[in-house]
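Colleague: Okay, handing you the structure first.
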Amino acid sequence: MKRWLPLFMLTMLAVILTSSTGYSQYRPGTHTIGLNATVVTEPVGWGMNYELGYDESLGLGLIVRYWSPETRKAYESRGEASIDRETYMIQMQAVYHALPASAWDPYGGIRLGYSYYTETFTTSGIVVGITQPEPIAESGITLSIVAGMRYYVSEQLSLGAALEYFLFNDDKYFKNESTTGLMFDLSFTLR
């Protein structure tokens with residue numbers, strides 16, 4: 003249920019915003035910089051995104067995301083052992099903007115990048131005969147397809163949501179072993 007709350011809030015915001023006049027803003031040569039959150043994965047990923055309006059319909063960009071430390075208990079005895087995991091992901095993207103002259107900007111494309119996973123094994127108390135477990139996630143190349151919608155609130159400000167499906171990624175890091183991410187972003191367009 004809590005996963006659907008952000009989606010519901012974005013839908014309500016879209017309904018409110020459609021009652022006002024929108025601004026078309028996707029243009030060749032513009033630079034769009036923003037903050038994003040990937041909410042379907044557990045834990046939530048935070049990051050930044052950049053897109054260059056390459057031509058009338060093609061945008062090229064870069065996305066950097068970070069999934070905060072997640073602690074999992076590994077063992078219990080007279081002491082405790084735990085594993086802390088973090089993920090760093092950087093991706094290049096190429097997206098096609100279907101309606102570049104509209105305030106509603108649907109897009110779709112592909113993202114290619116690299117995921118770097120860290121795992122730290124710690125113990126406290128008396129832990130006897132317990133060895134560090136094998137790493138769950140392996141760092142490597144990530145490939146995904148993405149489809150999304152951006153709405154321009156003003157000439158410089160836009161809100162967006164995108165559904166991302168990972169074709170190639172080690173999804174065992176996430177608690178729900180998710181291959182899908184729902185990313186919301188707040189972006190600013192620079193000239």
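Going by our numbering, the final residue of the sequence shown carries number 193, and the count climbs one at a time with no gaps.
Beta carbons are placed, not taken as given, at the ideal position from N, Cα and C, and that holds for glycine.
Keep in mind it's a predicted model, so treat the numbers as computed, not measured.
Which of helix, strand or coil does DSSP assign to residue 86?
Modeller: Counted from its first residue, the sequence shown places residue 86 at position 84. Of the three classes helix, strand and coil, the one that applies to residue 86 here is strand, per DSSP.
Colleague: If I measure Cβ to Cβ from residue 118 and keep anything under 6 Å in the same chain, skipping five residues before and after, which residues do I get?
Modeller: The residue you call residue 118 lines up with position 116 of the sequence shown. 90 and 141, listed in sequence order.
Colleague: With DSSP run on the structure shown, which of helix, strand or coil describes residue 71?
Modeller: For the purposes of this step, residue 71 is taken as residue 69 along the sequence shown, with counting starting at 1. Here residue 71 sits in strand by DSSP.
Colleague: Identify whether residue 24 lies in helix, strand or coil by the three-state DSSP scheme.
Modeller: Counting from one through the sequence shown, the residue named residue 24 turns up at place 22. Caution applies to residue 24, whose pLDDT of 48 falls short of 50 and renders its modelled position unreliable; the model cannot decide the point.
Colleague: Under 8 Å by Cβ, that's how I've got residue 187 and residue 37 pegged, so tell me the actual separation to the nearest angstrom.
Modeller: If you number the sequence shown from 1, residue 187 lands on position 185. If you number the sequence shown from 1, residue 37 lands on position 35. Indeed they touch by this definition, with Cβ atoms about 7 Å apart.
Colleague: If you measure between the beta carbons of residue 189 and residue 150, is that distance less than 9 Å?
Modeller: Walking along the sequence shown from the start, residue 189 turns up at place 187. Walking along the sequence shown from the start, residue 150 turns up at place 148. The answer is no: Cβ separation not under 9 Å.
Colleague: Considering only residues of the same chain and omitting the five flanking positions on each side of residue 152, which have a CB-CB separation below 6 Å?
Modeller: Residue mapping note: residue 152 aligns to position 150 of the sequence shown, counting from 1. The answer, listed in chain order, is 107, 160 and 162.
Colleague: Quick one: give me the first and last residue of the beta strand (DSSP E) that residue 43 is part of.
Modeller: In the sequence shown, residue 43 corresponds to position 41, counting from 1. First-last for residue 43: undefined, no H or E at that position.
Colleague: Taking the alpha carbon of residue 92 as the reference point, which residue from 82, 115, 84 and 100 has its own alpha carbon closest?
Modeller: Reading the sequence shown from its first residue, position 90 is the one you call residue 92. Residue 115 is the option with its Cα nearest to residue 92.
Colleague: Quick one: using the 10 Å Cβ neighbour count with 16 as the cut-off for buried, is residue 102 buried or exposed?
Modeller: Start at 1 with the first residue of the sequence shown, and residue 102 comes out as number 100. The residue in question, residue 102, is buried, as its Cβ has 16 or more Cβ neighbours within 10 Å.
Colleague: Could you check which residue in 88, 126 and 96 has the C-alpha nearest to that of residue 120?
Modeller: Position 118 of the sequence shown, counting from 1, holds the residue named residue 120. Of the candidates 88, 126 and 96, the one whose C-alpha sits nearest the C-alpha of residue 120 is 88.
Colleague: So, with DSSP's three-state summary, where would you put residue 141?
Modeller: Taking the sequence shown and counting its residues from 1, one reaches residue 141 at position 139. Coil at residue 141, not helix or strand.
Colleague: Here's the rule: buried if 16 or more other CB atoms are within 10 angstroms of the residue's CB, otherwise exposed. What is residue 53?
Modeller: In the sequence shown, residue 53 corresponds to position 51, counting from 1. It counts as buried.
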